[in-house]
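Enquirer: I'd like to ask some things about the structure below.
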Amino acid sequence: MAIKQWVSSLILTGLTASVCAYFPADKQGKVYKGLQHLSAFQEIVKEQGINPDDKQPVWQVGEQNLTEWLLAPWEEQTVNEAIAVFNKDYGSLKATAIKVASVAKELFDASGHQLTEDEFNERQDAINQAVFIEKYQPDARAIITEDADAFFFPTNVFCTKNLAEAANTASDQKNSSTLIPWGSPVYVLGQLAAPAGLDPENDAWSIIWRPECGLKFIKSGCLAWTDDQIINEFTRIRQPTDTHFRMSGTTQIRLNRRSQKLAQGTPVLWKYDNYLLPQRTADESVKSIPNKSITLYCAELSKTELKIDKQSDWEDHLFFVPIEASYKNYLTQLHNTLKHFPPYVPLSDNENHYFAWGEGLVGPDYRGRDVSTFILKLVQPFGLWLPRCSGDQIKKGCNIRKIADMPADSVDDHFEFVVKHCQLGNFMTAGSGSNAACLGCVSMATLATLDSEAADDAKAIGGLTDNDKVPLLAFSPVGLRTIEKNEESKEDKSVWYITGKTAIYPVFKTGYLNSFVMKDRNLTFFSYFQPLQEQAAAN
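Next comes the structure, spelled out in structure tokens:
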């Protein structure tokens, strides 16, 4: 299966991180508001001769694997392949779980408290005493019944590097959690014992597997066992039937007359005009796997009342997947992935997503985007489910369609290379931790029309002139690195400009927005999409 090549690299996603030189005080970067709305995207692509309202398909993703990845935890062959890799690399599932948890040894929680040896050993002992399922069995198939944070370490306290010291670069965010949306299939590999006096189906930590995030720890109360009826309804989405598969695009949906929101990418079944989502059974029945002492609630598919704002269409919020890769759909999806709300919400209320460490419960927006999940969520509705780690995402894109690359060179040459290849539908990387979507290039005059401050900065600090084209990239950084001279020592030092938001950023020749074109960068352009015209010519 196509998933197999990613199993090994996704087991321990995030066990390595880099620390770069930095000044004692990071500096603040900018997000130019005039570049951030769908209307701005439309003006930008018009300059490239593209009709932003064109609904005709212009690309298709290089691999249609959306349903394959969604259902992978319920497939015997795929689960056994994953378990075989765990056993080969680390000896057993138990040893793999301990290895995954070991990432937390040197970490701090969000309050600044460093995890102690006793705290780590307590949880390691719990893993050693846990019950594991050593090979696939149908009873271990489960489904998420509410949005779940899947952790490297079995604790509700979020952990990261020491935010007061080490530079937290793009690779560091892999130390955090992964959000698994409600309705996602998972496979249960094991379960830790529940604390004394508490119920395992609510309060224990279960050990689960999904292909994009590998082995993780998740609170048992967030998932439930499936049955044949649920399995059958989900597997029907592989064929054109009366059961269709939808996926949430924005978070404006209201659920069961409450203001609870669906995370982007939530899978929803649609049957006979009813929306179906898994929930615990009405009697909250529980079941244990024989001889394994793994206990969870049982799930059922329930009709769910979904509502949206009166002024919008369902297509703004929940759409059949895969959607066609047209210019209009791509720009709308880019907006959905960058923003909190649909395009009709005023700019003043529609802030960009904050950067989040993984998608863990920390920071100003705990449903934020990091450098990996941004691109994953951007391309997912078109039919391609990417791995969780940005390095693996880049490899996947290069395998699908590598466009051009350029080794370390001068800033001017790098900049011209970016101007040449920064086109809508292309993606760009300057390293395994950077994965950006290209929006295209604009003239300085157009940039000034969209955001006068961005145009002024391009000339004042960005090293550009009125005759230069300005590349625009969509990405989700925690910071942008540049080289500046230390005022005291006069030596070159790496400086981090913290932006913290998923947004559209211009590329400059100088200043921190030259981060993508610095002379030590190795640049690569690729795409997850194949142009339909090229495919037609090849056939």
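The numbers in the sequence shown follow numbering that gives the first Met the number 0, run straight up by one, and end at 538. Where a beta carbon is used, it is the ideal one built from N, C-alpha and C, also for glycine. It should be emphasised that the depicted structure is a prediction, and the values quoted were computed from it without experimental measurement.
(1) Tell me, to the nearest whole angstrom, how far the beta carbon of I402 is from that of F525; I am working on the premise that it is less than 8 Å.
(2) For the beta strand (DSSP E) containing C440, name the first residue and the last one.
(3) Suppose you measure from the CA of H413 to the CA of K29; what does that come to, to the nearest Å?
(4) A281 by DSSP, collapsed to three states: which one?
(5) Within the segment 449-484, note down every full beta strand (DSSP E) run reaching 3 residues or more, in order along the chain.
(6) In whole angstroms, give me the CA-to-CA distance for G382 and T372.
(7) Is L333 near A444, with beta carbons less than 8 Å apart?
(8) Can at least three beta-carbon pairs, one atom from the segment 207-215 and one from the segment 92-100, be found at a separation below 8 Å?
(9) Kindly identify the DSSP beta-bridge partner or partners of P505.
(10) Using three-state DSSP, classify S170 as helix, strand or coil.
(11) Would you call K489 buried or exposed, if buried means 16 or more other Cβ atoms sit within 10 Å of its Cβ?
(12) Have a look at V44 and P505 and give me their C-alpha separation to the nearest angstrom.
(13) What residues are listed by DSSP as bridge partners for Y343?
(14) Pick out whichever of D456, D465 and L438 has its Cα sitting closest to the Cα of A39.
(15) What's the call for T336, buried or exposed, on a 16-neighbour Cβ count within 10 Å?
(16) So I126 is in the alpha helix (DSSP H); what residue range does that whole segment cover?
(17) So within the segment 394-435, which uninterrupted alpha helix (DSSP H) runs reach at least 4 residues, ignoring any that extend past its ends?
(18) Beta strand (DSSP E) containing Q332: first to last residue?
(19) Using DSSP with H/G/I as helix, E/B as strand and the rest coil, what is N273?
(20) Tell me, which residues are paired with N351 by DSSP?
(21) Alpha carbon to alpha carbon, how far is L522 from S409?
(22) Starting from I217, follow its DSSP beta bridges and name the residues at the other end.
(23) Measure the alpha-carbon distance for V378 versus W313 and round it to whole angstroms.
(24) Which one or two residues does DSSP pair with T242 in a beta bridge?
(25) In whole angstroms, give me the CA-to-CA distance for T280 and L385.
(26) Only counting the same chain, and skipping five residues up and downstream in sequence, which positions put a Cβ closer than 7 Å to that of W58?
(27) Are the beta-carbon atoms belonging to D108 and V156 less than 8 Å from one another?
(28) Would you say L222 and V185 are within 8 Å of each other, going by their C-beta atoms?
(29) Tell me which residues share the same chain as V130 and place their Cβ nearer than 7 Å to its Cβ, disregarding the 5 neighbours each side in the sequence.
(30) May I have the straight-line CA-CA distance separating R237 from M246, to the nearest angstrom?
(31) Output the boundary residues of the alpha helix (DSSP H) element that contains V78.
(32) Secondary structure at F157, three-state DSSP: helix, strand or coil?
(33) Taking the Cβ atom as the reference point for each residue, do I252 and I307 lie within a distance shorter than 8 Å?
(34) Which class does Y21 belong to by DSSP, given the choice of helix, strand or coil?
(35) Rounded to the nearest angstrom, what separates W224 and L65 at their Cα positions?
(36) Can you list, in chain order, the residues of its chain whose CB lies under 7 Å from that of E350, leaving out five sequence neighbours each side?
Expert: In brief:
(1) 6 Å
(2) S433 to S442
(3) 22 Å
(4) coil
(5) 468-474 and 478-484
(6) 15 Å
(7) no
(8) yes
(9) L471
(10) Legend: pLDDT at S170 = 45, less than 50; position of this residue unreliable, no value from coordinates given.
(11) exposed
(12) 14 Å
(13) Answer is none; Y343 lacks a bridge partner.
(14) L438
(15) buried
(16) E116 to N127
(17) 410-420
(18) That residue, Q332, is in no beta strand (DSSP E); its alpha helix (DSSP H) goes Y326 to L337.
(19) strand
(20) K338
(21) 12 Å
(22) S205
(23) 19 Å
(24) K270
(25) 32 Å
(26) A324, G424, F528, Q529, P530 and L531
(27) yes
(28) yes
(29) G189, Q190, K291, S292 and I293
(30) 15 Å
(31) E75 to Y89
(32) coil
(33) yes
(34) In this predicted model, Y21 has a pLDDT of only 41, less than 50, meaning its place in the structure is not dependable enough to derive any value.
(35) 22 Å
(36) H339
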